[in-house]
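Just below is one structure, and these are the notes that go with it.
In my numbering, the protein residues as written are 34 to 280.
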């Protein structure tokens with residue numbers, strides 16, 4: 034087995050061998066990915082390849098503001114800690130500032146806006162293969178979204194330009210549907226129970242399926258060996274497509 038390099042957090046010997054653990058701590062404003070915002074300490078393990086493996090740090094983020102406020106605010110840094118969102122209720126000129134604190138909690142609640150005079154238009158989609166089922170079109174109302182094909186599901190492009198699954202659209206206080214109904218498209222359905230299970234599933238190797246949780250790239254799958262499912266999966270379907278990963 035190869036030895037891992039010494040880090041500032043893990044001194045005591047010139048080399049660290051397979052199975053050796055090191056304790057790390059995320060910087061202020063970051064937490065251990067996949068855990069609560071307050072968890073900042075974690076361990077990395079020296080692997081057979083001589084690389085440290087384990088969790089990583091990710092920026093602390095506050096919960097997204099309710100969809101009803103979409104189109105009424107701007108933020109300096111999305112939902113991340115330190116970001117300030119400035120919100121204006123429709124029909125008013127006064128603004129409210131909300132700050133995402135280091136613990137992942139907004140410093141105040143959003144203001145109570147009056148939406149009684151607003152509604153959204155009938156939702157439409159240019160593709161013609163998406164259907165909307167709505168109970169109402171007033172602010173805060175939702176419409177269920179479905180695709181014509183049974184093995185497909187509606188997805189939309191987020192602000193980060195990543196695709197995400199969309200089950201409903203919400204009428205926002207700006208009088209617009211969120212997500213934008215014209216941004217919706219139908220993609221092959223994910224097998225969510227198999228995402229991140231250590232096997233590269235062809236059906237999940239898509240952006241809105243989180244690239245199968247990293248299972249299709251040697252640099253991100255547990256054990257760093259890609260195992261395809263089915264075993265004879267075409268290379269164009271089970272290749273490493275995740276921009277965060279490497280073959």
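The beta carbon of each residue, even a glycine, is placed where N, CA and C say it ideally should be.
These numbers come from a predicted model, not from an experiment.
Within 10 angstroms of its Cβ, does residue i collect 16 or more other Cβ (buried), or is it exposed?
| i | result |
| --- | --- |
| residue 194 | Because residue 194 carries a pLDDT of 48, less than 50, the predicted location of this residue cannot be relied on, and no value is offered for it. |
| residue 117 | exposed |
| residue 136 | exposed |
| residue 70 | buried |
| residue 241 | buried |
| residue 297 | Lying outside 34 to 280, the shown extent of the chain, residue 297 is not represented and no answer is given. |
| residue 258 | exposed |
| residue 263 | exposed |
| residue 183 | exposed |
| residue 64 | buried |
What does the alpha-carbon distance come out to for the pair residue i and residue j?
| i | j | result |
| --- | --- | --- |
| residue 269 | residue 229 | 19 Å |
| residue 53 | residue 62 | 28 Å |
| residue 73 | residue 113 | 16 Å |
| residue 127 | residue 144 | 11 Å |
| residue 272 | residue 67 | 25 Å |
| residue 96 | residue 138 | 8 Å |
| residue 209 | residue 233 | 38 Å |
| residue 79 | residue 252 | 15 Å |
| residue 122 | residue 59 | 37 Å |
| residue 244 | residue 142 | 35 Å |
| residue 278 | residue 89 | 14 Å |
The alpha helix (DSSP H) that contains residue i, what's its start and end?
| i | result |
| --- | --- |
| residue 271 | 268–271 |
| residue 83 | It is not in any alpha helix (DSSP H) - residue 83 carries neither H nor E in the DSSP assignment. |
| residue 244 | 243–246 |
Ordered along the chain, which non-local residues of its own chain (more than five positions away) have a Cβ less than 6 Å from that of residue i?
| i | result |
| --- | --- |
| residue 108 | 116 and 118 |
| residue 168 | none |
Can you tell which of the options has its C-alpha closest to the C-alpha of residue i?
| i | options | result |
| --- | --- | --- |
| residue 131 | 124, 125, 110 and 149 | 110 |
| residue 276 | 263, 249 and 262 | 249 |
| residue 225 | 246, 81 and 212 | 246 |
| residue 82 | 51, 60 and 103 | 51 |
| residue 175 | 57, 99 and 233 | 99 |
| residue 162 | 147, 78, 188 and 150 | 188 |
| residue 207 | 179, 182 and 124 | 124 |
| residue 92 | 86, 134, 56 and 146 | 134 |
| residue 56 | 77, 146 and 181 | 77 |
What residue range is occupied by the uninterrupted beta strand (DSSP E) comprising residue i?
| i | result |
| --- | --- |
| residue 201 | 201–204 |
| residue 56 | 54–58 |
| residue 63 | 63–65 |
| residue 178 | 175–180 |
| residue 209 | That residue, residue 209, is in no beta strand (DSSP E); it is neither H nor E in DSSP. |
| residue 131 | 128–132 |
Please go through the same chain and pick out, in chain order, the residues whose beta-carbon is closer than 8 Å to the beta-carbon of residue i, but skip the five residues on each side of it.
| i | result |
| --- | --- |
| residue 231 | 248, 254, 255, 256 and 260 |
| residue 205 | 100, 101, 102, 103, 104, 105, 153, 172 and 211 |
| residue 223 | 186, 198, 236, 237, 239, 241 and 242 |
Looking only at its own chain, which residues have a Cβ that is under 7 Å from the Cβ of residue i, when we skip the five neighbours before and after it?
| i | result |
| --- | --- |
| residue 178 | 163, 165, 187, 199, 200, 201, 202 and 217 |
| residue 227 | 234 and 237 |
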